[in-house]
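Residue numbers (this note's numbering): 1 to 595. One structure is given here, and the rest of the page talks about it.
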């Protein structure tokens, strides 16, 4: 197996151009965009296998034997001793005999920082597009029509949570650990995903028309197709995450969002039915899936199909607990609404749901970091607790730094936030729901992190047990308290459930990161957040934007005064900034090189 230099991207032959030169050029541009900034990302790989290019002296010849080995110590036409490393981890980073990844010219922390930047930026833009789409749909469909749209679209994450049997996170982990086997794992992922998708579509196609009329059956069928290619179910996204290519995931997310809102606008212009509004998401997701698949083939590799029943069965066995846990998470998130619907009033449902929707989306900050650190943590997990603890400790510190000020700020300003967003006195009590749920924010951040930490540590079953325990506590507290306290009882149930999840997760994570370190990392960020809270409390009647800016400034100042961030962490942030070649990067580089 021979590595094809990136410089060859510039020399497209006529046959290559005829077979999709524009997409090839886009892939090469994105690959070179990363390469110019010296990332520790895999170079474009060419692997000998039918359908996977093997290059020798500029011309390719497939080798079945090499493809079947997929990582064995030989390549076409060369002895093992002269073989070019198949991946950047073997070629540029010189992984040690135990598999420890050296991160190339960028340290691991800088790679993680870049990944977080891409994810955060794309998630923020995606959220803005979601709001725009919601406004357009709400005005077009009115309350009743938008309610139907929201109901059907809410089924997407529920169906998606089981549509890969939890294999996605396992595939990402295995490719991150052994990138030279990436083509084979990609083939396995497509086989499993394809089999599950066909089975689910067959069941829906046969059974749904028996219980629903034609239009409603079509809506359920569209929702199922959409769920099967949801972002979390996109095989290309799994591969990009494994190779620390969050830039490509961000690109694909924004592509699907722009296509979706474009479809919504077209639906409104043509005065289309609700079906066309839902189909906009289906088409946008299909576009993202197709472009992602082609980029994987162009920039990384093509899949190698070498099905082995024992290997596929092992992947499903490892992934299923995680898939069930994600399904339980979706149910867990709706438990409060379902209990309030049966045990309280519609107003209680509204108060709780507003507080939930204003607090839970902030978890994307935690998810952005957790997904970005997942590949590095998965590689470190093979080397033992000593290798895991530094990465895990940094991850925990980030969660505290992000969650604690948000929790304190929302607690103090919850009623003002609700009044700002929802005019009229009928929603005032939703401020109380947001106040209680803000107390759960730190636990929510830590639990979102634990989802990926436990998967990286091969402890998917521990995460499933934790979610089941949290769901039971949530429901038990809700049933006990809702009769008397209404929406506040559901809020307390959710808070208790998050604490239960954290305790259960920490029983496993504590082997790698003791609770004492957890409290130690929380101490100074908590002091800074409380100091910020004092200033916010004194300014609670001032302009909300001014309070937010001043509070943020006070928090950052206290972090510096309390020396929460080490010199090494400042160097990492500087390295991330410089890696993007932003204004002032040259000056920062020169000053960092001074003795």
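Don't be surprised by glycine CBs; every beta carbon is placed ideally from N, CA and C.
Distance CB(residue i)-CB(residue j) smaller than 8 Å
i	j	result
residue 188	residue 311	yes
residue 404	residue 529	yes
residue 363	residue 445	yes
residue 599	residue 302	The requested residue 599 is not part of the displayed model; the chain covers only 1 to 595.
residue 482	residue 332	no
residue 391	residue 401	no
residue 371	residue 380	no
residue 319	residue 491	no
residue 619	residue 420	One cannot answer for residue 619 here, as it falls past the ends of the chain, which runs 1 to 595.
residue 431	residue 407	no
residue 239	residue 300	yes
residue 236	residue 293	yes
residue 475	residue 335	yes
residue 324	residue 464	yes
residue 172	residue 119	no
residue 121	residue 576	no
residue 141	residue 265	no
residue 196	residue 208	no
residue 123	residue 368	yes
residue 152	residue 286	no
residue 276	residue 460	no
residue 533	residue 412	yes
residue 344	residue 486	yes
residue 440	residue 358	no
residue 535	residue 554	yes
Residue range of the alpha helix (DSSP H) that includes residue i
i	result
residue 449	441-456
residue 289	274-295
residue 183	182-211
residue 397	385-421
residue 300	From DSSP, residue 300 is part of no alpha helix (DSSP H); its letter is neither H nor E.
residue 379	363-381
residue 241	235-242
As assigned by DSSP and simplified to three states, the class of residue i
i	result
residue 482	helix
residue 576	helix
residue 346	helix
residue 459	coil
residue 229	coil
residue 163	coil
residue 429	coil
residue 173	helix
residue 216	helix
residue 510	coil
residue 266	helix
residue 584	coil
residue 306	coil
residue 136	helix
residue 313	helix
residue 178	coil
residue 542	coil
residue 564	coil
residue 504	helix
residue 271	coil
residue 245	coil
Chain B within 8 Å of residue i, Cβ atoms only
i	result
residue 115	The structure shown contains no chain B, having only a single protein chain.
Distance cut-off 7 Å: residue i Cβ against heavy atoms of the ligand ADP
i	result
residue 233	For the ligand ADP, the structure offers nothing, since it holds no ligand at all.
Stretch-stretch touch, CB-based, cutoff 8 Å, three pairs: the stretch 175-195 with the stretch 340-352: no
Three CB pairs or more closer than 8 Å across the stretch 149-164 and the stretch 219-228: yes
contact_flag[the stretch 500-512, the stretch 444-459] where n(CB pairs < 8 Å) is 3 or more: Three or more beta-carbon pairs drawn from the stretch 500-512 and the stretch 444-459 are found closer than 8 Å, and the two stretches are therefore classed as touching.
Inter-stretch contact (C-beta, 8 Å, three-pair minimum) for the stretch 211-218 and the stretch 250-265: no
Segment contact flag, the stretch 468-488 with the stretch 540-549, C-beta cutoff 8 Å, min 3 pairs: no
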